[in-house]
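Only one structure is covered here, and it is reproduced in the block below.
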Amino acid sequence: MNKRILVDTSIWVEYFNRPESEYAQRVAEFL
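Counted the way full-length UniProt numbering counts, the sequence shown spans residues 1 to 31.
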């Protein structure tokens, strides 16, 4: 469970630090 939280946190950290990333673009489209 804690590992899952760490993974989700890492994803959001990368999203905010690297908005140009492909994943960030997918999240932006999803939101």
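Heads up, the beta-carbon is just placed ideally off N, CA and C, and yes, glycines get one too.
Check, Outcome
"Delimiting residues of the alpha helix (DSSP H) encompassing Leu6", "2 to 17"
"Spatial distance of Leu6 from Phe30 (CA atoms)", "21 Å"
"Residues of its chain near Glu9, where Cβ-Cβ distance is below 8 Å and the 5 sequence neighbours each way are ignored", "Sequence check: residue 9 is Thr here, not Glu. There are no such residues."
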